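> Residue numbers are given in full-length UniProt numbering: position 69 of the sequence shown equals residue 69, and the series is strictly consecutive. Even glycine gets a Cβ: it sits at the ideal position worked out from N, Cα and C. Bear in mind that the values here come from a model prediction, so they are computed numbers and not experimental data. Dropping the structure in here first, questions after.
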Amino acid sequence: MLTVCCRICLKQINFNQMLSLFQTYKGFVIRDALLDLFNIQILPTEMVSTICKECVAKVCTVRHIRDEFIKQDERYREMLRSSPAKDDSDEEKLPDQKPDIRTDPSPTVESTTGEDKPASVEDTDST
Numbered sequence: 001m002l003t004v005c006c007r008i009c010l011k012q013i014n015f016n017q018m019l020s021l022f023q024t025y026k027g028f029v030i031r032d033a034l035l036d037l038f039n040i041q042i043l044p045t046e047m048v049s050t051i052c053k054e055c056v057a058k059v060c061t062v063r064h065i066r067d068e069f070i071k072q073d074e075r076y077r078e079m080l081r082s083s084p085a086k087d088d089s090d091e092e093k094l095p096d097q098k099p100d101i102r103t104d105p106s107p108t109v110e111s112t113t114g115e116d117k118p119a120s121v122e123d124t125d126s127t
């Protein structure tokens, strides 16, 4: 049984479970996808030019996610282009209103430690 190394995960795997990095798989060249998605450049002269099916499946997943995100971004940008621009003159003008300001005094909180007890008149006349 012949085993070869996967260029991506470096596992020794049965040759039957490998694909060439230069072959087309599900409509894309595997080597081109690795360069596009991960900036991994693989030259035809490299010694290891195979990829395991597990790594190819991961590449497919990443491509699918990237394509989906790009598609949704395009839809979002189209929605922005097609939505009417807000015009300040169309906004309903509200009359000038002053905010409701409370003038009630803050509640007094009694000290539980006695440190902040105000001095009374009787306390100061002890001489």
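Give me the Cα-Cα distance between Pro84 and Arg77, rounded to the nearest whole angstrom.
Taking the straight line joining both Cα atoms gives about 13 Å.
> So, with DSSP's three-state summary, where would you put Met79?
Note: Met79 maps to helix in three-state DSSP.
> Among Phe15, Ile13 and Cys52, whose alpha-carbon lies nearest the alpha-carbon of Arg31?
Per the Cα distances, Cys52.
> Identify the residues that DSSP records as bridge partners of Val29: which are they?
In DSSP, Val29 forms a bridge with Thr24.
> Given this structure, state the Cα-to-Cα distance separating Leu35 from Ile65, to the nearest angstrom.
Rounded to the nearest angstrom, the two C-alpha atoms are 16 Å apart.
> Kindly indicate the opening and closing residues of the beta strand (DSSP E) around Gln17.
Premise fails: Gln17 is in no beta strand (DSSP E) and is neither H nor E.
> Anyone know if the C-beta pair for residue 131 and Val59 falls short of 7 Å?
Since the first residue of the chain shown is 1 and the last is 127, residue 131 is not available in this structure.
> Can you list, in chain order, the residues of its chain with a C-beta nearer than 8 Å to that of Thr3? Leave out the 5 residues immediately preceding and following it.
Once the five neighbours on either side are set aside, the close Cβ partners of Thr3 are Gln12, Ile13, Asn14 and Phe15.
> Note down the Cα distance separating Val62 from Leu37, rounded to an integer number of angstroms.
Taking the straight line from one Cα to the other gives about 8 Å.
> If we call anything under 7 Å between Cβ atoms a contact, is Cys9 one with Val48?
No. Outside cutoff.
> At which residue ranges does the region 30 to 67 contain complete beta strand (DSSP E) runs of 3 or more residues, listed in the order of the chain?
Taking only runs of at least 3 residues, the beta strand (DSSP E) segments lying wholly in the region 30 to 67 are 50 to 52.
> If you count every other CB in all the chains shown that lies within 10 Å of the CB of Arg81, and 16 or more means buried, which is it?
When all chains shown are included, Arg81 counts as exposed.
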